[in-house]
Amino acid sequence: MKSGSNLEKVLTSGQFAVTAELGPPKGADTEVVRRKVEILKGKVDAANITDCQTAVVRLSSIAAGVIMAQMGLEPVVQMTTRDRNRIAIQSDLLGASALGIKNLLCLTGDHPKFGNHPQAKGVFDLDSIQLIQMVKNMRDEKKFLNGEEMEVEPRFFIGAAENPFADPFEFRATRLAKKVMAGVDFIQTQIVYNTHKFAHWMEEIRKLRLHEKVFILAGVAPMKSVGMAKYMKNKVPGMDVPDEVVNRMEKAKEPRQEGIQICVDIINEVRKIEGIAGIHIMAVEWEEAVPEIVERAGLLPRPQGQ
Amino acid sequence: MIFGEQKPLEEVEEMIKDCKKILIAGCNTCVAICFAGGEKEVGILASALRMRAKMANREQEVIEQTVQRQCEWEFVDELKENVEKVEVVVSLACGAGVQAVAERFPRAFIFPGLNTTGIAITEEAGVWAERCLACGNCILDKTGGICPITRCSKGLLNGPCGGSQNGKCEISPDVPCAWQLIYDRLKVLGKLDLLDGIKPPKDWSTSQSGGPRKVVREDLKSSS
Ligand code: SF4
Ligand code: SF4
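Chain order of the listed sequences is B and L.
Reading the first sequence from the start, the letters are residues 0 to 305 in numbering that gives the first Met the number 0.
Reading the second sequence from the start, the letters are residues 0 to 223 in numbering that gives the first Met the number 0.
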């Protein structure tokens, strides 16, 4: 075992994994975290805790992750290279590991321009691939980035994100191969609405046999309204929302229910694709939808006490 | 070249409003090419300030002088006579030029009239775009002659990130994705293999992160 996390155990035992996402509050209110944990607990194998997502200041992902773990929901702590240089990241990784965090998701992060402090200086000392490599070397070689050795290493099950819908499409699988080369253990993809294009991307992944070297969790997210569907289609960089999904939302009498149904349909579709090891449900600020989605997709109960 | 933009007139006026005699000092090299601080721009700024002084009933004299390069002592020295006549100098050179004048004339007040932006090319008439952040260790040989440190919004060495779509960067539809440009160019050159493998973390100690930089060439130093 690399970290011995629940997520690692579920995946390595060949079971279909389910992860979700939890957005920490814009404040020091731990109640918000606790409430969301109660919703997700027992319904997913682990939940990501975002690191100032979209460059908006929020409660720290490591701190929220510790609260989650204390309550019995395993965290996947997200770590971006946007806000910390290599010194701060390595220090935070040691801290996170010392506090019992076992899953880490390595990201570059959204540009500060999108956030609530667009005046901030973006750090970007490393990129996500270099971060993966650094975390792996800390874990497996007990070495800091500068080559110095440490006695007690941080042990993480290492994750990363990948967007099958970004460009250049023909380079995306090669780029994932770099993350695999860097030492990533699992991948959570960008939200899938265009299942056709996603299946095509997975074909490319299988050609490089990457699905045998890394666990791939397909990202999904329920939509609340047709407005949200259109916004995602037109305004969110790197998103691919086909017209038929927008149309389904437009025609729906109960958009929320339809949003959940679309999400369940997509799960059922991507599950069939060879090489998909699980799903990652991104219902940030709509965590309540997760139990219903998991239930309707027939993914309950979750494996217990591994 | 170095490029920049003139500060808003109000900002310059605010700096000098209490001074009786002002020198506007231009530079006829980089900042003249980007129409920000050459002889012509000096003339325009000086007239505008004179007009505003008149409107505000301020007794103020504005004189002008433009030298070939404000970053070299031999040209900076040409300013001496005028600098000694005035209370303040507003320099329309880049930040290096402003500081060269300050260094040469320790008793003079120097204000910047320009916001220096960076190292650019003239993409087309009226459009200047940044191309180099002077990182101190050029990697253009590995990226098809396109700099990801400058042109990728996140300075990625192993791009593109997941925000690249239709050739554009996630930060704006007006910004081309540097990594799409790099990919396209290497493809045309038949050199996509340059993208194989992982580029290691950059050694930023050659950049400004390592402290102010200096190049010393002993062979060229005037013997003491
Ligand atoms: S690699 Fe460094 S020196 Fe070369 S163009 Fe980019 S910033 Fe300038
Ligand atoms: S979209 Fe392209 S240019 Fe923009 S941050 Fe990502 S890789 Fe860099």
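Glycine residues also receive a C-beta, built at the ideal position from the N, C-alpha and C atoms.
Same chain, Cβ closer than 8 Å to glycine 114(B), five either side skipped, listed in chain order: Take glycine 114(B), set aside five residues on each side of it, and the residues of its chain with a beta-carbon closer than 8 Å to its own are Cys51, Thr53, Ala54, Val55 and Val56, in chain order.
Neighbour list for isoleucine 197(L) in chain B, Cβ cutoff strictly below 8 Å: Neighbourhood of isoleucine 197(L) in chain B, by CB distance below 8 Å: Ile128, Gln129, Gln132, Lys177, Met180 and Ala181, in chain order.
Residue from Phe15(B), Pro23(B) and Asp82(B) whose Cα sits closest to the Cα of lysine 153(L): Across the set Phe15(B), Pro23(B) and Asp82(B), the C-alpha of Asp82(B) shows the shortest separation from the C-alpha of lysine 153(L).
8 Å Cβ cutoff, phenylalanine 185(B) in contact with chain L: Contact with chain L is absent for phenylalanine 185(B), since none of that chain's Cβ atoms lies less than 8 Å from the residue's Cβ.
Reference alanine 282(B); option with closest CA among Phe143(B), Ala46(B) and Arg33(B): Comparing Cα positions, the closest option is Ala46(B).
C-beta neighbour in chain B for serine 204(L), strict 8 Å: Cβ-Cβ to chain B under 8 Å: no for serine 204(L).
Partner residues on chain L for aspartate 28(B), Cβ-Cβ distance less than 8 Å: Ordered by position in chain L, no residue passes the 8 Å Cβ test against aspartate 28(B), which lies about 30 Å from the chain.
Neighbourhood of glutamate 20(B) by C-beta distance below 6 Å, restricted to the same chain and skipping five residues each side: Residues Asn47, Met281 and Val283 of the same chain have their beta carbon placed closer than 6 Å to that of glutamate 20(B), with the five preceding and five following residues left out of the count.
Helix, strand or coil at glycine 94(B) [DSSP, three-state]: In the three-state reduction of the DSSP assignment, glycine 94(B) falls in the helix class, which pools H, G and I.
Any non-hydrogen atom of ligand 1 within 7 Å of isoleucine 148(L) CB: Result yes, Cβ under 7 Å from ligand 1.
Which of helix, strand or coil DSSP assigns to threonine 205(L): Threonine 205(L) carries a helical assignment under DSSP once its states are collapsed to helix, strand and coil.
Below-8 Å beta-carbon distance, proline 175(L) vs any chain B residue: By this cut-off, proline 175(L) is not an interface position.
Amino acids of chain B, ordered along the chain, whose beta-carbon sits closer than 7 Å to that of glutamine 179(L): By Cβ distance, chain B contributes Asp166 and Pro167.
Where proline 111(B) falls: helix, strand or coil (DSSP): Under the three-state reduction of DSSP output, proline 111(B) falls in the helix class.
Cysteine 137(L): CB within 7 Å of a non-hydrogen atom of ligand 1: True, at least one ligand heavy atom lies under 7 Å from that Cβ.
Distance between isoleucine 32(L) and tryptophan 285(B) (C-alpha atoms, nearest Å): C-alpha separation (whole angstroms): 54 Å.
Whole-angstrom distance between lysine 8(B) and glutamine 305(B), CA atom to CA atom: A caution first: glutamine 305(B) carries a pLDDT of 47, below 50, which makes its placement in the model unreliable, though a value can still be read off. Linking glutamine 305(B) to lysine 8(B) through their CA atoms gives a straight-line distance of about 7 Å.
Buried or exposed (CB count within 10 angstroms, at least 16 for buried), glutamate 9(L): Only exposed fits glutamate 9(L), as fewer than 16 other CB atoms lie within 10 angstroms of its CB.
Leucine 207(B) to alanine 176(B) span [Cα, whole Å]: Between the alpha carbons of leucine 207(B) and alanine 176(B) lies a gap of roughly 8 Å.
is_contact[arginine 85(B), chain L] using C-beta, thresh 8 Å: Interface residue, yes.
C-beta neighbour in chain B for glutamate 13(L), strict 8 Å: Not an interface residue.
Nearest-angstrom Cα separation, counted from cysteine 131(L) out to glutamate 83(L): For glutamate 83(L) and cysteine 131(L), the distance between alpha carbons rounds to 37 Å.
Sub-8 Å separation of glycine 161(L) and alanine 160(B) beta-carbons: Taking 8 Å as the Cβ cut-off, glycine 161(L) and alanine 160(B) qualify as a contacting pair.
Glycine 158(B), enclosing beta strand (DSSP E) - first and last residue: In the DSSP assignment, glycine 158(B) falls within the beta strand (DSSP E) that extends over 156-161.
Meets three-Cβ-pair contact criterion under 8 Å: the region 32-42 of chain B and the region 289-303 of chain B: Using a C-beta cut-off of 8 Å, the region 32-42 of chain B makes contact with the region 289-303 of chain B, since at least three inter-stretch Cβ pairs fall below that distance.
Alpha carbon of alanine 16(B) to alpha carbon of asparagine 193(B), nearest angstrom: Spanning the two alpha carbons is a distance of roughly 21 Å.
Nearest candidate by alpha-carbon position, reference proline 211(L), set Leu48(L), Glu86(L) and Gly135(L): Among Leu48(L), Glu86(L) and Gly135(L), the Cα nearest to that of proline 211(L) belongs to Gly135(L).
Pairwise C-alpha distance: glutamate 169(B) and aspartate 192(L): One alpha carbon belongs to aspartate 192(L), the other to glutamate 169(B), and they sit about 14 Å apart.
Distance cut-off 7 Å: lysine 186(L) Cβ against heavy atoms of ligand 2: Checking the Cβ of lysine 186(L) against ligand 2 gives no.
Helix, strand or coil at valine 97(L) [DSSP, three-state]: If DSSP states are grouped into helix, strand and coil, valine 97(L) belongs with the helices.
Straight-line Cα distance separating serine 163(L) from serine 90(B): If I take the Cα positions, the gap works out to 31 Å.
Range covered by the alpha helix (DSSP H) that runs through asparagine 81(L): Segment 79-84, the alpha helix (DSSP H) holding asparagine 81(L).
Buried versus exposed, by CB contacts within 10 Å (16 or more), valine 11(L): In summary, valine 11(L) is buried, with 16 or more beta-carbon neighbours lying within 10 Å of its beta-carbon over all protein chains present.
Isoleucine 170(L) CB to nearest heavy atom of ligand 2 below 7 Å: In this structure, the C-beta of isoleucine 170(L) approaches ligand 2 to less than 7 Å from one of its heavy atoms.
Heavy atom of ligand 2 within 7 Å of serine 152(L) beta-carbon: When distances are taken from the beta-carbon of serine 152(L) to the heavy atoms of ligand 2, the shortest one is below 7 Å.
The region 52-62 of chain L contacting the region 109-124 of chain L, beta-carbon criterion three pairs below 8 Å: No, the region 52-62 of chain L does not touch the region 109-124 of chain L.
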